[in-house]
Structure formats: C-alpha cells, structure tokens
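Chains as they are written, first to last, in this note's numbering: chain A, 18 to 130; chain B, 661 to 773.
Read through the structure below, which is laid out as structure tokens, and then see the notes.
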C-alpha cells in the first residue's frame with residue numbers, strides 16, 4: 018500500500034531564507050507527483066507536477082525534484098516571503114484498480130517578516 | 661470562470677441527520693471527485709465519477725452516497741450522519757481520470773455532534 022510522508026510537519030523561517038520541504042513515498046510505481054499549496058480555509062492549489070519520467074520542474078521561485086528509485090521528492094523555495102506561509106502537500110498518482118492521488122499530511126510553513 | 665464551487669461552506673449536524681453537499685464545476689471537465697481531509701491523515705478519496713452517468717467507490721465510501729446530476733454537478737449525501745464523519749470535504753474535477761491535474765474547490769467544514 019502506497020504511503021506518503023512529509024517531514025517536517027511544521028517549519029518556521031525568517032523572510033528571505035531558502036528552504037526545502039521533503040516528501041517520501043513507499044512504492045516507486047507512480048504516474049506522477051504533485052505539490053499543492055493549501056491556505057487556511059481554502060482549497061488546494063496545484064504548484065508543480067512532475068511526471069514519473071522527469072527529474073525536476075521549476076516555476077518561479079519553486080523547484081521540485083523527484084527521485085523515483087529512492088521514493089523521494091523535495092520542494093525548494095528560494096528567497097521565502099511571508100506570502101509563502103501555507104500548508105504544502107505532496108501527492109502521488111497511483112493505480113490501485115483506478116487512478117487516484119495518495120496525499121501526504123503536509124508541512125505547515127510560516128515565513129516571518 | 662468560478663472553477664470548482666462547493667456549498668455550504670460550513671455545516672453542523674446532529675447524529676442521525678442527513679444532508680447533501682453540493683459541488684459544481686464550470687471547466688467542462690469529465691471527471692469529478694469527493695475527498696475528506698482529517699487531521700494527521702491527509703486527503704482520502706470517498707467517491708469519484710469518471711464521466712457523466714458513472715460513479716465509483718474510492719477508499720472510504722461507507723456512509724456516503726453520490727449523484728452525478730449532470731456534467732457540471734456532483735453531490736455527496738450523508739444519509740445518517742455520524743461523529744466520525746466530522747471532517748473537511750473537498751470536491752475536485754479533472755479533464756479525465758488520466759488527466760494530470762485536479763482542480764479543487766474551497767471545501768465544506770462539517771461537524772457532526
């Protein structure tokens with residue numbers, strides 16, 4: 018059974034720092050991996066999607082990497098800003114008779130001015 | 661475009677009461693999903709609809725029913741609410757089951773007393 022773990026559960030940094038969020042998964046048989054952002058009381062916004070054949074994706078200050086063989090992904094945020102404060106979720110797409118997303122429990126990020 | 665909308669935003673029920681959560685999307689997507697989010701457990705798939713006229717069980721379907729009313733709308737019904745169904749419910753849609761990206765609604769926070 019696929020399990021997705023995100024460490025740390027919470028992270029607090031001062032503005033301007035570069036930071037790394039970690040995601041690990043137990044089964045390398047995935048279609049893709051997505052990073053989402055969730056603001057309090059809001060839905061999920063997709064940030065980056067990495068196909069299983071890809072190693073990384075970049076969008077602005079965000080860079081996500083994928084090492085499928087070791088079951089790891091990282092989300093790198095450069096020059097963090099208070100507006101980056103949110104919960105970040107990773108999810109892998111798998112097939113268990115139907116295609117579905119398996120989510121981690123998230124990392125709550127607080128960036129202080 | 662409103663994207664994915666959900667009503668209501670908040671709801672408090674007593675044990676045994678019934679209610680329907682509504683979801684609509686205006687992106688002409690074929691597939692729609694219902695998830696629940698509980699602390700420490702990540703999002704879990706309740707039911708999904710691959711296309712208009714079809715619905716299938718996800719990981720945690722017990723205690724729920726769904727209706728794909730038309731291409732735009734996908735409702736989730738709790739026939740006899742239980743405290744274990746206290747959760748935040750998210751609706752999502754995608755172009756198709758194999759599509760990479762799912763788009764999420766803002767969620768419904770449900771408390772069952």
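Using N, Cα and C, we set each Cβ at its ideal position, and we do this for glycine too.
Please read these numbers as outputs of a predicted model, since none were measured by experiment.
Helix, strand or coil for residue i, going by three-state DSSP, please let me know.
i: residue 31 of chain A; result: strand
i: residue 100 of chain A; result: helix
i: residue 18 of chain A; result: coil
i: residue 744 of chain B; result: helix
i: residue 59 of chain A; result: coil
i: residue 85 of chain A; result: helix
i: residue 95 of chain A; result: coil
i: residue 51 of chain A; result: strand
i: residue 684 of chain B; result: strand
i: residue 44 of chain A; result: coil
i: residue 121 of chain A; result: coil
i: residue 722 of chain B; result: coil
i: residue 78 of chain A; result: coil
i: residue 70 of chain A; result: coil
i: residue 733 of chain B; result: strand
i: residue 674 of chain B; result: coil
i: residue 64 of chain A; result: strand
Nearest by alpha-carbon distance to residue i: which of the options is it?
i: residue 34 of chain A; options: A:67, A:97, A:65 and A:126; result: A:97
i: residue 664 of chain B; options: B:675, B:674 and B:682; result: B:682
i: residue 51 of chain A; options: A:76, A:59 and A:58; result: A:76
i: residue 697 of chain B; options: B:770, B:747, B:679 and B:758; result: B:747
i: residue 69 of chain A; options: A:47, A:55 and A:63; result: A:47
i: residue 737 of chain B; options: B:719, B:731 and B:745; result: B:745
i: residue 684 of chain B; options: B:678, B:676, B:741 and B:693; result: B:693
i: residue 704 of chain B; options: A:128, A:109, A:125 and A:129; result: A:109
i: residue 30 of chain A; options: A:42, A:115 and A:95; result: A:95
i: residue 85 of chain A; options: A:72, A:78, A:123 and A:113; result: A:72
i: residue 106 of chain A; options: A:120, A:43 and A:49; result: A:120
i: residue 764 of chain B; options: B:749, B:770 and B:758; result: B:749
i: residue 687 of chain B; options: B:673, B:761, B:669 and B:719; result: B:761
i: residue 662 of chain B; options: B:753, B:680 and B:672; result: B:753
Who are the near neighbours of residue i in its chain, counting only those whose CB is closer than 7 Å to its CB and skipping five residues on each side?
i: residue 717 of chain B; result: 707
i: residue 675 of chain B; result: 741, 742, 743, 772 and 773
i: residue 739 of chain B; result: 678 and 725
i: residue 22 of chain A; result: 41 and 121
Examine chain B for any beta-carbon lying closer than 9 Å to the beta-carbon of residue i, and answer yes or no.
i: residue 75 of chain A; result: no
i: residue 100 of chain A; result: no
i: residue 108 of chain A; result: yes
i: residue 63 of chain A; result: yes
i: residue 28 of chain A; result: no
i: residue 19 of chain A; result: no
i: residue 59 of chain A; result: yes
i: residue 66 of chain A; result: yes
i: residue 119 of chain A; result: yes
If you drop the 5 nearest sequence neighbours on each side, which residues of the same chain put their C-beta closer than 6 Å to that of residue i?
i: residue 690 of chain B; result: 711 and 756
i: residue 125 of chain A; result: 27 and 104
i: residue 709 of chain B; result: 692, 715, 728 and 734
Any chance the CB of residue i is under 8 Å from a heavy atom of the ligand GDP?
i: residue 666 of chain B; result: The ligand GDP is not among the ligands present in this structure, which contains no ligands whatsoever.
So, for residue i: in the same chain, excluding its five sequence neighbours on each side, which residues have a beta-carbon less than 8 Å away from its beta-carbon?
i: residue 91 of chain A; result: 37, 38, 39, 40, 81 and 82
Under 9 Å between C-beta atoms, does residue i make it to chain A?
i: residue 752 of chain B; result: yes
i: residue 686 of chain B; result: no
i: residue 732 of chain B; result: no
i: residue 696 of chain B; result: no
i: residue 728 of chain B; result: no
Based on DSSP bridge pairs, tell me the residues matched to residue i.
i: residue 39 of chain A; result: A:24 and A:91
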